[in-house]
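Engineer: After the structure tokens below, expect a handful of questions from me.
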Amino acid sequence: MERNLDPLPPILFSPPMARNPILLVPNLITIARILAIIPIVALVMDGDVILRLLALILYVLAAASDWLDGYLARAWNQYSPLGRMLDPIADKLLVGILIAALAWDGSFSGWDMIPVCAILFREFFVSGLREFLGNTKVVLPVSWLA
Numbered sequence: 000m001e002r003n004l005d006p007l008p009p010i011l012f013s014p015p016m017a018r019n020p021i022l023l024v025p026n027l028i029t030i031a032r033i034l035a036i037i038p039i040v041a042l043v044m045d046g047d048v049i050l051r052l053l054a055l056i057l058y059v060l061a062a063a064s065d066w067l068d069g070y071l072a073r074a075w076n077q078y079s080p081l082g083r084m085l086d087p088i089a090d091k092l093l094v095g096i097l098i099a100a101l102a103w104d105g106s107f108s109g110w111d112m113i114p115v116c117a118i119l120f121r122e123f124f125v126s127g128l129r130e131f132l133g134n135t136k137v138v139l140p141v142s143w144l145a
């Protein structure tokens, strides 16, 4: 009978989390970013200035969580195919749905739509390029620009 004399592993690295990648902390942060879209859009659509300010704060926190989940995945070596797939989807949803909500309620109109369309085009172009290059040996790394 072999005894494990090592201290108990931290809960963040427990075996159930190793078996279920959705429970990895970086993936939970990414899922929280996706779920944060709901209150952000609800607050934006209300139209009240104070609620829109609260939506801005939530948006900044959600956007910052993109850096945090990547940092934790690298620091704790918690990479997973699920996280690799979910992270860019969460980014596109956060930006795209917020832009759509702002356009829907009339916050963007006329010339404002030019940068909005440029941002959306970039998001879809980079995603499409990554998908296209996915079957080749060319890698489009995540960076500040892509």
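Numbering (numbering that gives the first Met the number 0), first residue to last: 0 to 145. Where a beta carbon is used, it is the ideal one built from N, C-alpha and C, also for glycine.
(1) Measure the alpha-carbon distance for proline 15 versus leucine 85 and round it to whole angstroms.
(2) Compute the Euclidean distance between the alpha carbons of isoleucine 36 and valine 24, then round it to the nearest angstrom.
(3) Of the choices Leu55, Ala41, Tyr58, Gln77, whose alpha-carbon is the least far from that of asparagine 26?
(4) Buried or exposed: aspartate 104, going by 16 or more other Cβ atoms within 10 Å of its Cβ?
(5) With distances taken between CB atoms, is the gap from leucine 119 to isoleucine 96 smaller than 8 Å?
(6) Would leucine 81 and alanine 61 qualify as a contact pair, given that the criterion is a beta-carbon distance under 8 Å?
(7) So what does DSSP say about aspartate 68, is it helix, strand or coil?
(8) I'd like to know whether the C-beta atoms of alanine 100 and valine 43 end up nearer to each other than 8 Å.
(9) State the DSSP-derived secondary structure class of leucine 92, mapped to helix, strand or coil.
(10) What do you get for isoleucine 113, buried or exposed, if any count of 16 or more other CB atoms within 10 angstroms of its CB means buried?
(11) Rounded to a whole number of angstroms, what is the C-alpha to C-alpha distance between leucine 50 and isoleucine 88?
Structural biologist: Reading off the structure:
(1) As a working mapping, residue 15 is identified with position 16 in the sequence shown. As a working mapping, residue 85 is identified with position 86 in the sequence shown. Low confidence applies here, because proline 15 scores a pLDDT of 49, under 50, leaving its location unreliable and the question unanswered by this model.
(2) Residue numbering aside, residue 36 sits at position 37 when the sequence shown is read from its first letter. Residue numbering aside, residue 24 sits at position 25 when the sequence shown is read from its first letter. Between isoleucine 36 and valine 24, the C-alpha separation is close to 19 Å.
(3) Residue numbering aside, residue 26 sits at position 27 when the sequence shown is read from its first letter. If we check each option's Cα against that of asparagine 26, Gln77 comes out closest.
(4) Residue numbering aside, residue 104 sits at position 105 when the sequence shown is read from its first letter. So aspartate 104 ends up on the exposed side.
(5) As a first step, residue 119 is located in the sequence shown; it is residue number 120 there, counting from the start. As a first step, residue 96 is located in the sequence shown; it is residue number 97 there, counting from the start. No, Cβ-Cβ distance for leucine 119 and isoleucine 96 is not below 8 Å.
(6) Counted from its first residue, the sequence shown places residue 81 at position 82. Counted from its first residue, the sequence shown places residue 61 at position 62. No; because the gap between Cβ atoms is not below 8 Å, this pair is not in contact.
(7) Residue mapping note: residue 68 aligns to position 69 of the sequence shown, counting from 1. Here aspartate 68 sits in helix by DSSP.
(8) In the sequence shown, counting from the first residue as 1, residue 100 sits at position 101. In the sequence shown, counting from the first residue as 1, residue 43 sits at position 44. Yes, the Cβ-Cβ distance between alanine 100 and valine 43 is below 8 Å.
(9) Residue 92 sits at position 93 when you count from the first residue of the sequence shown. Looking at leucine 92 - three-state DSSP - the assignment turns out to be helix.
(10) The count along the sequence shown starts at 1 and reaches residue 113 at position 114. Under this definition isoleucine 113 is an exposed residue.
(11) Indexing the sequence shown from 1 puts residue 50 at position 51. Indexing the sequence shown from 1 puts residue 88 at position 89. Cα-Cα distance, rounded: 26 Å.
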